[in-house]
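Asks:
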Amino acid sequence: MRLDKYLKVSRLIKRRTVAKDAALADLIYINDKVAKPASTVKPGDTLTLHFGIKILTVKVVSIDIPKPKSEDVMFELISETKKS
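Residue 54 in full-length UniProt numbering sits at position 54 of the sequence shown, and the numbers go up by one each step.
1. Provide the residue span of the beta strand (DSSP E) that contains LYS5, from first to last.
2. Just checking my contact of ILE65 with VAL9 at CB under 8 Å: how many whole Å lie between their CB atoms?
3. Leaving out the 5 sequence neighbours to the left and right, which residues in its chain are closer than 8 Å to LYS36 when beta-carbon positions are compared?
4. Considering only their Cβ atoms, is the gap separating LEU56 from GLU80 smaller than 7 Å?
5. Which full runs of the alpha helix (DSSP H) of 4+ residues lie inside the UniProt domain "RNA-binding S4" (1 to 64), going along the chain?
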């Protein structure tokens with residue numbers, strides 16, 4: 001699945017265009033490598049997202065699109081830190 005689409009459907013970022021802009025600004029890493037919006041995401045990958053002063057690291061658990069109002073989780077939170 002494309003990175004920008006994954007970020008939207010997993011609800012890490014609300015809009016796909018915002019996810020695309022973040023990737024183009026080199027704020028998202030897949031397995032410690034800079035990711036572009038069309039980069040492929042697969043289960044087991046580690047994503048690092050830089051949101052202003054917050055750094056979020058998650059592990060991709062699933063790329064299946066969840067059904068509405070479902071409790072399916074597409075990622076596992078590894079760490080959440082603040083930049084100093």
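Note that beta-carbon positions come from the ideal geometry of N, C-alpha and C, so glycine has one too.
Replies: Looking at the atomic coordinates:
1. Indexing the sequence shown from 1 puts residue 5 at position 5. No beta strand (DSSP E) contains LYS5, which is instead part of the alpha helix (DSSP H) from 3 to 9.
2. Numbered from its first residue, the sequence shown carries residue 65 at position 65. Numbered from its first residue, the sequence shown carries residue 9 at position 9. So it is a contact: roughly 5 Å between Cβ atoms.
3. Indexing the sequence shown from 1 puts residue 36 at position 36. If we look at LYS36 and ignore the five residues flanking it on each side, its Cβ neighbours are LEU3, ALA23, LEU24.
4. Here residue 80 corresponds to residue number 80 of the sequence shown, with the count starting at 1. Here residue 56 corresponds to residue number 56 of the sequence shown, with the count starting at 1. Yes. Within cutoff.
5. 3 to 9, 16 to 24
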